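Taken in order, these protein sequences are the chains called A and L.
All the letters of the first sequence, read from the start, carry residue numbers 1 to 193 under my numbering.
All the letters of the second sequence, read from the start, carry residue numbers 1001 to 1193 under my numbering.
C-beta atoms are modelled at their ideal positions from N, C-alpha and C, and glycine is treated no differently.
These figures come from a predicted structure and were not determined experimentally.
Number of protein chains: 2
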Amino acid sequence: MVEFLPARNIEAKLEGVYWAPKASFVSEALDSVALTYEGIAGDRHSGLYRQSGPREPWYPRGTPMRNERQLSILSVEELAEVAAALSIPELRPEWIGGNLLVSGIADLSLLPPRTLLMFPSGATVRIDGDNGPCKKSGASIAANIPGRPDLEFGFVKAAKHKRGVLGWVEREGEVRPGDVVKVRIWEQALYTP
Amino acid sequence: MVEFLPARNIEAKLEGVYWAPKASFVSEALDSVALTYEGIAGDRHSGLYRQSGPREPWYPRGTPMRNERQLSILSVEELAEVAAALSIPELRPEWIGGNLLVSGIADLSLLPPRTLLMFPSGATVRIDGDNGPCKKSGASIAANIPGRPDLEFGFVKAAKHKRGVLGWVEREGEVRPGDVVKVRIWEQALYTP
Chain A
1 MVEFLPARNI EAKLEGVYWA PKASFVSEAL DSVALTYEGI AGDRHSGLYR QSGPREPWYP
61 RGTPMRNERQ LSILSVEELA EVAAALSIPE LRPEWIGGNL LVSGIADLSL LPPRTLLMFP
121 SGATVRIDGD NGPCKKSGAS IAANIPGRPD LEFGFVKAAK HKRGVLGWVE REGEVRPGDV
181 VKVRIWEQAL YTP
Chain L
1001 MVEFLPARNI EAKLEGVYWA PKASFVSEAL DSVALTYEGI AGDRHSGLYR QSGPREPWYP
1061 RGTPMRNERQ LSILSVEELA EVAAALSIPE LRPEWIGGNL LVSGIADLSL LPPRTLLMFP
1121 SGATVRIDGD NGPCKKSGAS IAANIPGRPD LEFGFVKAAK HKRGVLGWVE REGEVRPGDV
1181 VKVRIWEQAL YTP
């Protein structure tokens, strides 16, 4: 007998918004940002489409595909947990290319795929799922913490299931720090046939 | 302690492809169909964008949004189960607007959001999640089974968690009956903080 967890709604707060307008994936804080169907216009990960990479080993590298990874969403709580696990004073969202920083969602990285993040302007982000921590992010952290080259690999291990979620823009609109975020989680069940 | 079910791959078979080119949502069988980023070109539910409806009570009716419901995917097994529950000789995918009919996936409707369906041509469909059975589909079934007006409401009840899944095109390509479908299911965990 399959057990279903009912749909539920929770509230969160948007703490920061960031974009990565340059070649680097390191992001920079903004006062507000317009979410469009392409993501954040001008951001390194924006676009309706993208090319596949090492995260899609089932496709030849460079295969055109729809872009479900427009936005990297991080939480204050998970960044603090990962920083503590790595014994570093802080882990800034910019270092690992975050776009939206939220608070108030326990275990953000475990939010089920399809979850909706709804903002006061009407903007909505649909969650694709959790992000896998990579060495590139680890190296970026190491570049900010002198004398800790171990962080490049250490991050990959410490941030497993704590590196936030990815999503794409379902409804356009502006978002800004301080926004109350309505989070809709759909009915859940494990698939175990 | 959160329990994670590892990612897994299964195989299925594509049994039929259909489109709904007219005002009605009832679909018609085809020999093959091209999946594009808009879905099935000319189909009633194709498009990169759509307007919100009664399934999105959190948006004002008619709100522009990204279209995550391009394709209705049904299974031979679930259609047979629902037909048996309704005591009707068959439930044809066309009657309820199916686009892709598959076999070999137990509990298709419970496939987790984010699941990938990969076809031999390179086409990939990304699953958004389960479809909710509606009275319109029930009425369409009733129109094909004389003397059973009860099917309009009966379908809504009998097809709960058995009405298939919705998805959108991640990679373009042609698909045809007989195709072997590689199904990638991601790591799963229930969100229960």
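Endpoints, alpha helix (DSSP H) assigned at residue i
i        : result
A:Gly138 : 135-142
L:Gly985 : Not covered by the structure: residue 985 of chain L. The range shown for chain L is 1001 to 1193.
A:Leu79  : 76-85
Span separating the alpha-carbon of residue i from that of residue j
i         : j         : result
A:Ser46   : L:Glu1152 : 44 Å
A:Ala106  : A:Pro146  : 31 Å
A:Leu30   : A:Leu108  : 22 Å
L:Asp1130 : A:Thr36   : 26 Å
L:Pro1133 : L:Ala1083 : 14 Å
A:Tyr49   : A:Met65   : 6 Å
A:Ile73   : L:Pro1089 : 49 Å
L:Leu1014 : L:Leu1110 : 18 Å
L:Gln1051 : A:Met118  : 17 Å
L:Ile1141 : L:Phe1025 : 12 Å
A:Asp179  : A:Tyr18   : 14 Å
A:Gly167  : A:Asn99   : 10 Å
L:Pro1149 : L:Ser1137 : 12 Å
L:Gly1039 : A:Pro120  : 30 Å
L:Ala1041 : L:Glu1172 : 12 Å
A:Asp43   : A:Pro21   : 5 Å
A:Glu28   : A:Val175  : 15 Å
A:Gly16   : A:Asp128  : 20 Å
A:Ala139  : L:Glu1081 : 53 Å
A:Phe4    : L:Asn1067 : 26 Å
L:Val1165 : L:Thr1115 : 10 Å
A:Ala143  : A:Pro177  : 27 Å
A:Thr63   : L:Val1181 : 19 Å
A:Arg126  : L:Ala1085 : 34 Å
A:Lys160  : A:Leu190  : 20 Å
A:Lys135  : L:Lys1135 : 51 Å
Bridge partners - residue i, DSSP secondary structure assignment
i         : result
A:Val33   : A:Val175
A:Gln188  : A:Leu5
A:Val181  : A:Ala12
A:Ile73   : A:Leu100, A:Val165
A:Glu56   : A:Glu56 is not bridged to any residue.
A:Val17   : A:Leu30, A:Leu100
L:Gly1039 : L:Thr1036
Endpoints, beta strand (DSSP E) assigned at residue i
i         : result
A:Leu100  : 100-103
L:Gly1129 : 1124-1130
L:Tyr1049 : 1049-1051
A:Leu117  : 116-118
A:Pro64   : 64-66
Exposure label - residue i; buried when at least 16 CB within 10 Å
i         : result
L:Val1169 : buried
L:Gln1070 : buried
L:Ala1158 : buried
A:Ser87   : exposed
A:Thr192  : exposed
L:Lys1162 : buried
A:Phe155  : buried
L:Ala957  : It is not possible to answer for residue 957 of chain L, since the shown part of chain L is limited to 1001 through 1193.
A:Val33   : buried
L:Val1002 : exposed
A:Ala23   : exposed
A:Pro113  : buried
L:Gly1053 : exposed
A:Arg55   : exposed
State whether the region 1-18 of chain A contacts the region 178-186 of chain A, with contact taken as three or more CB pairs (one from each stretch) at a distance under 8 Å.
-> yes
For the region 103-118 of chain A against the region 72-84 of chain A, are there 3 or more C-beta pairs whose distance is under 8 Å?
-> Touching, per the Cβ criterion.
The region 1083-1096 of chain L in contact with the region 1053-1062 of chain L per 3-pair CB rule at 8 Å | no
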